[in-house]
Amino acid sequence: MLKITNVNKVFNAGTVNEKIALRNVNLHVKKGEFITVIGSNGAGKSTMMNMISGGLTPDNGSIQIDGKDVTRLAEHQRAGLIGRVFQDPMAGTAPNMTIEENLAIALGRGKRRTLGFGVNNQKREQFREQLKQLDQGLENRLKTKVGFLSGGQRQALSLLMATFTEPKILLLDEHTAALDPKRAQLIVDLTEKIVERYKLTTIMVTHNMEQALNMGNRLLMLHDGGIILDIPDEKKRTMKPQDLLRAFETARGGESFSEDRFLLT
Ligand SMILES: Nc1ncnc2c1ncn2[C@@H]1O[C@H](COP(=O)(O)OP(=O)(O)O)[C@@H](O)[C@H]1O
Ligand SMILES: [Mg+2]
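Structure follows, in structure tokens:
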């Protein structure tokens, strides 16, 4: 479903601020895989996600989605293939538009706009059904502006908007990190439910090791722009956060993992 081949990305090349964000990254993702990604701050996780979504272009190498070379396609040209939820609850939705207007826009993502973003009764019924599965009572608030929703509700809505068109790839970039633990758990549960329901090929960045071990069926660790661990499901199931730290040390030849932001539980 996704093939990243020899991708490199350097920011501010040739200046004092030069930063190698990705070093020769190779990744093959099979249809239906649910990958969790961990790595310290600045490891290149978001850069990798941006390469896949088209927000950034690799310096070299290629990216294929579902057999199609998208390396040089702009973000809007591949939007129909990708669903995305960001860390910031404000980022995924338009606050001054109503819930139903936001959903209508999401429904039109990647399509020609000739049909417009209108909301008719048929769509409205469809939206109500979709919103019910969020268990937030949003199905009764179609005409509420999204700006009035809580962070958790906005993330739930973002998740629905990113997935109900059944994208080829779902990208989740620390999408629970800005929420309190209870709401974060709600979004985690919802994520698992939706991914399972549509059998979505998913890449989820998290800074929570427990989450990375408990969710999905493959785990990647990025460090200094490279994938240093790629752990299959069977192995992942037997691991605890301490085992992950040990695996990091082994991969890095004794270097120990130090990152305040990294959560063990
Ligand atoms: N637009 C940019 N311009 C310059 N440097 C950037 C830019 N985006 C990311 N970087 C740098 O690239 C590295 C990887 O960043 P990022 O992918 O955001 O890391 P992560 O998501 O793993 O925390 C960091 O050192 C970051 O400072
Ligand atoms: Mg990031």
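In numbering that gives the first Met the number 0, the protein residues as written are 0 to 264. Glycine residues also receive a C-beta, built at the ideal position from the N, C-alpha and C atoms.
Collapsed DSSP secondary structure at residue i in the structure displayed
{"i": "N119", "result": "coil"}
{"i": "S61", "result": "strand"}
{"i": "T46", "result": "helix"}
{"i": "P166", "result": "coil"}
{"i": "T4", "result": "strand"}
{"i": "F33", "result": "strand"}
{"i": "V69", "result": "coil"}
{"i": "V145", "result": "helix"}
{"i": "V24", "result": "strand"}
{"i": "V187", "result": "helix"}
{"i": "K18", "result": "strand"}
{"i": "R108", "result": "coil"}
{"i": "R83", "result": "strand"}
{"i": "R260", "result": "Note that R260 scores a pLDDT of 49, beneath 50, so its modelled location is shaky; the value from the coordinates is reported in the next line. Coil at R260, not helix or strand."}
{"i": "R77", "result": "helix"}
{"i": "E254", "result": "coil"}
Residue i, buried or exposed, once every other Cβ within 10 Å from all chains shown has been counted against 16
{"i": "T200", "result": "buried"}
{"i": "D232", "result": "exposed"}
{"i": "E17", "result": "exposed"}
{"i": "F147", "result": "exposed"}
{"i": "S157", "result": "buried"}
{"i": "T237", "result": "exposed"}
{"i": "V15", "result": "exposed"}
{"i": "A12", "result": "exposed"}
{"i": "D65", "result": "exposed"}
{"i": "L185", "result": "buried"}
{"i": "G43", "result": "buried"}
{"i": "K234", "result": "exposed"}
{"i": "H27", "result": "exposed"}
{"i": "E99", "result": "buried"}
Cβ distance (whole Å) where residue i is taken to contact residue j below 8 Å
{"i": "K8", "j": "L21", "result": "4 Å"}
{"i": "G38", "j": "H174", "result": "That pair is no contact at about 16 Å."}
{"i": "R108", "j": "A78", "result": "5 Å"}
{"i": "R140", "j": "P88", "result": "About 16 Å; that fails the 8 Å criterion."}
{"i": "V187", "j": "M48", "result": "Not quite, the Cβ-Cβ distance comes to about 18 Å (not below 8 Å), so this is no contact."}
{"i": "L189", "j": "A155", "result": "6 Å"}
{"i": "L130", "j": "L171", "result": "Not really, about 20 Å apart at Cβ, beyond 8 Å."}
Cα-Cα separation, residue i to residue j
{"i": "Y197", "j": "E32", "result": "12 Å"}
{"i": "Q125", "j": "A93", "result": "20 Å"}
{"i": "M101", "j": "S45", "result": "As written in the sequence, residue 101 is Asn, which differs from the Met given in the question. Rounded to whole angstroms, N101 to S45 spans 24 Å at the Cα level."}
{"i": "P180", "j": "V84", "result": "18 Å"}
{"i": "T264", "j": "D242", "result": "Confidence at T264 is low in this model, with a pLDDT of 48, below 50, so the placement of that residue should be treated as unreliable; the coordinate-derived value is given next. Distance between the alpha carbons of T264 and D242 is about 13 Å."}
{"i": "I193", "j": "L228", "result": "27 Å"}
Does the segment 30-45 come close enough to the segment 215-235 to have 3 or more Cβ pairs within less than 8 Å? Touching, yes, given that three or more Cβ pairs across the two stretches are closer than 8 Å.
Does the count of Cβ pairs from the segment 43-54 and the segment 68-78 closer than 8 Å reach three? yes
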